[in-house]
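Inspection log for the structure reproduced underneath, given as structure tokens.
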Amino acid sequence: MSAPHAAQGTAARGGATLSQKILSRASGLEHVVPGQIVDGRVDLAMCHEQGAQAVLPFHQMEAKKVWDVDRVVVAIDHWVPASTEGAAQLHQILRHFAQEQGLKHFYDVGNHGICHQILAEHGWVVPGDLAVGTDSHTNMLGAMGAFAVGIGPTEYAAVLALGKIWLKVPSSIKVEVKGKLAKGVYAKDLVLRTIGEVRCDGARYKAIEYAGPTISSLSMSERFTLCNMTTEMGAKAGMVPPDSKTFEFLEKIAKHEMHPLYPDADATYERTVHLDVDGLEPQVACPYSPDNVRPISALVKEHVKVGQVFLGSCTNARMDDLREAARIFKGEKVAPHVRFIVSPASTSIYRQCLKEGLIELFTDGGAVFTNSSCSACFGGNMGILAPDEACASSSNRNFPGRMGAKEAKIYLMSPAAVALTAIRGEISDPREVL
Amino acid sequence: MKDVIEGRVWCVGDELDTDQLIAGKYLTIIDPKELRKHVLENVDPSFSQQAKEGDILIAGENMGCGSSREHAPAALKAIPLGAVVANSFARIFFRNSINLGMPAIEAPGVRAIFQPGDTCRIFLREGRVVNVTRGKEVSFPPLPSHLMDLLEQGGLVEKVRQELKRSGAKP
Ligand code: SF4
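In structure tokens:
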């Protein structure tokens, strides 16, 4: 609660940030100010397995019906198919609940994917939306020009019952980016660099709003990567204002009406972070925190060896990520004593990989290409690390114990860097081969 | 919700993330009593065995950062802790705690005035945290009325239940 409790209504009516615009719309108020607590109408509510924990509180609330079944998505992803009895029970609770409530939009085994990717590729979140999900990386959907925020299951139960949520209007940090990403340098490197600057707690209770020519030039997939990791700065939401790319992306798939909103030119930001990506080199987040960011050249000099390499997660396992990694990995082999795990972000991406020959390409070189799921990202399903191991990963977190043993070391980097690291067995700079 | 909360203190450091509070391998557990057995097990294994009802956890900066897992505050609530006090909180952990009806108090500088085993007294409405053992205190901005109401009602479940009842049960 470190943001000031702004005197409501008395603040000078300046321009509004995108966060203010979306939360005004959601709460039906003409103008809202940072610090104000509002009740927002929810446009989309998503859960993964954690939603199972919402079922009991939902019934304890004596709620009878979900407020709007067409605005509820269930997408199981952490343990798919169920890898433990506990996970099987979570899935079962959700299936029963979906049946009882008539929830139609259930992405079950066979039609599954990482929950955020499911929302993205099926057009469940559109510009101007207030979206909530039972996962901290729900921020990713802010790339649609929406206010997308992670919540816990009890709160999710309340949203299911009432279709609304209390939110404190955040102040925003503007991240303004110019310059051109060089070959071998990606949105992942940009966001890692941003986290290094803002730090893990630098955006707590705040929103990150991206702006600037570099952001406009990025594809939707790259914007997802950027917004996904605003969570690693503690941000409540991260967003990119909608533009022609957003509308094009959503043209055929948008599930409900768009109401695009934009920040005012005279909006007040808590601060602006200026970044110039000209000359930016690939970045690596080192153990044990996503803000422990160093340029890759420093690690290359130290010959950091790894035992596992993971190409997956909601951050970086879309087609462009897998294609870029494949470009480097083609015709190569995984280094001796290294395990290379590739996990696409959704079943449709899996199928596309099959069509394009990527599954063959990766497995020919000794990688294991898994079914789509969160996979090794969170240390609870597969690809778990032993205490003295190190892992290069395209995911988003490297806290102690994130992928297994608390001593294991995780290095976060781009898919291209991950691919070259798999070939060489030590952290490597993709610019050397591109 | 009592205005004054008092209890024995446990201490943890800065950036205690949700992976350390409850490891990923326990996420399929729903029962808070089961979760309680594994809370903080990589950080301080004695905690889950020896913490008792009414104890207070004092943390440093960015307490509960990381994932949205409600398992983390739910496990602490199952002890049940009297409160969690931190220099600062990560957003979702803070919300989850309050929604579960467990006071989460953000009091900058609080970590520095406590040692494990001290006695802590929190004056919720006045906005003061006192170390009774050492005679030190820090103040904090009291929770906004919206959140005090939530705690008062015992958490979000009860609040929504009342709201649904008032609105004639039909959402
Ligand atoms: S891929 Fe990782 S970060 Fe993304 S939702 Fe799954 S566990 Fe969370």
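These protein sequences, in sequence, are chains A and B. FYI, our numbering numbers position 128 of the first sequence as 128, with every residue one higher than the one before it. FYI, our numbering numbers position 154 of the second sequence as 1154, with every residue one higher than the one before it. Note that the Cβ used here is the ideal one computed from N, Cα and C, for glycine as well. Given the structure is predicted, the values throughout are model-derived calculations rather than measurements.
Pull out every residue of the region 137-170 of chain A whose Cβ sits closer than 7 Å to any Cβ of chain B, in chain order. The residues in question are GLY150, ILE151, GLY152, PRO153, THR154, GLU155, ALA158, ALA161, LEU162 and TRP166.
If you reduce the DSSP assignment to three classes, tell me which class THR154/A lands in. The three-state secondary structure of THR154/A, taken from DSSP, is helix.
List in chain order: all unbroken alpha helix (DSSP H) runs of 4+ residues lying wholly within the region 1053-1080 of chain B. If we require 4 residues or more, the alpha helix (DSSP H) runs fully inside the region 1053-1080 of chain B come out as 1071-1077.
For THR421/A, the three-state DSSP class (helix, strand or coil): In this structure, THR421/A counts as helix in the three-state DSSP scheme.
DSSP three-state call for GLU100/A: helix, strand or coil? GLU100/A falls in the helix class under three-state DSSP.
Starting from VAL1160/B, find everything on chain A with Cβ-Cβ shorter than 8 Å and list it in chain order. Against chain A, a Cβ distance below 8 Å from VAL1160/B picks out MET61, ALA63, ALA157, ALA158, ALA161 and LEU162.
Beta-carbon separation of LEU311/A and ALA325/A under 7 Å? In this structure, LEU311/A sits near ALA325/A, with a CB-CB distance shorter than 7 Å.
Any beta carbon of chain B sitting closer than 7 Å to that of PRO4/A? With a pLDDT of only 38 at PRO4/A, under 50, the local geometry of the prediction cannot be trusted, and the value read off the model is given with reservation. Output row for PRO4/A: interface = no.
Can you give the Cα-Cα distance for HIS116/A and LYS236/A, rounded to whole angstroms? Distance between the alpha carbons of HIS116/A and LYS236/A: 16 Å.
Taking the alpha-carbon of ASP243/A as reference, which of ASP266/A, LYS355/A and TYR210/A has the nearest alpha-carbon? If we check each option's Cα against that of ASP243/A, TYR210/A comes out closest.
At least one CB of chain A closer than 7 Å to the CB of LYS1033/B: is that the case? No, LYS1033/B does not count as interfacial toward chain A.
Sorry if obvious, but does the Cβ on ILE114/A come closer than 6 Å to a heavy atom of the ligand SF4? At least one heavy atom of the ligand SF4 is nearer than 6 Å to the Cβ of ILE114/A, so yes.
Looking at the structure shown, is ASN1131/B part of a helix, part of a strand, or coil, going by DSSP? Residue state, collapsed to three classes: strand.
Apart from the five residues on each side of it in sequence, which residues of its chain come closer than 8 Å, Cβ to Cβ, to ARG71/A? Counting only Cβ-Cβ distances below 8 Å, and skipping sequence neighbours, we find VAL42, ASP43, LEU44, ALA45, GLY163 and HIS256.
Three or more C-beta pairs below 8 Å linking the region 1021-1035 of chain B and the region 335-346 of chain A: Flag = no, the region 1021-1035 of chain B and the region 335-346 of chain A do not touch.
With a cut-off of 7 Å, does the C-beta of GLN8/A fall near any C-beta of chain B? Low confidence applies to GLN8/A: its pLDDT is 41, below 50, so where it sits in the model is not reliable, and the reading given next is rough at best. Residue contact check for GLN8/A against chain B: no CB pair falls below 7 Å.
I want to verify the contact list: residues of chain B whose CB lies under 7 Å from the CB of LEU90/A, in sequence order. Contacts between LEU90/A and chain B, judged by CB atoms closer than 7 Å, involve THR1028 in chain order.
At 4 residues or longer, what runs of the alpha helix (DSSP H) sit wholly inside the region 198-250 of chain A? Listed in chain order, the complete alpha helix (DSSP H) runs (minimum 4 residues) inside the region 198-250 of chain A are 213-217, 220-228 and 244-250.
Using a threshold of 7 Å, state whether the C-beta atoms of GLY184/A and ARG431/A are closer than that. Going by C-beta atoms, GLY184/A is nearer than 7 Å to ARG431/A.
List the residues that DSSP assigns as beta-bridge partners of GLY437/A. Outside the displayed range of chain A (1 to 434) lies residue 437/A, so it cannot be described from this structure.
C-alpha gap between LEU103/A and CYS353/A, whole angstroms: Linking LEU103/A to CYS353/A through their CA atoms gives a straight-line distance of about 30 Å.
Can you list the residues of chain A that GLN1020/B reaches, using a CB-CB cut of under 9 Å? Simply PHE399, PRO400, GLY401 and LYS406.
Compare the C-beta of PRO1171/B against all C-beta atoms of chain A and say whether one is closer than 7 Å. Per-residue confidence for PRO1171/B stands at a pLDDT of 44, beneath the threshold of 50, marking its modelled position as unreliable; the derived number appears in the next sentence. True, the Cβ-Cβ gap to chain A drops below 7 Å.
Just how far apart, CA to CA, sit LYS1159/B and GLU85/A? Straight-line Cα distance between these residues: approximately 33 Å.
Is there a Cβ from chain B that is less than 7 Å from the Cβ of TYR107/A? Nearest CB-CB separation between TYR107/A and chain B: not below the 7 Å threshold.
Identity of the residue in ALA367/A, ILE22/A, VAL55/A and LYS178/A nearest ASP39/A by Cα: Just measuring C-alpha positions, the residue of ALA367/A, ILE22/A, VAL55/A and LYS178/A sitting nearest ASP39/A is ILE22/A.
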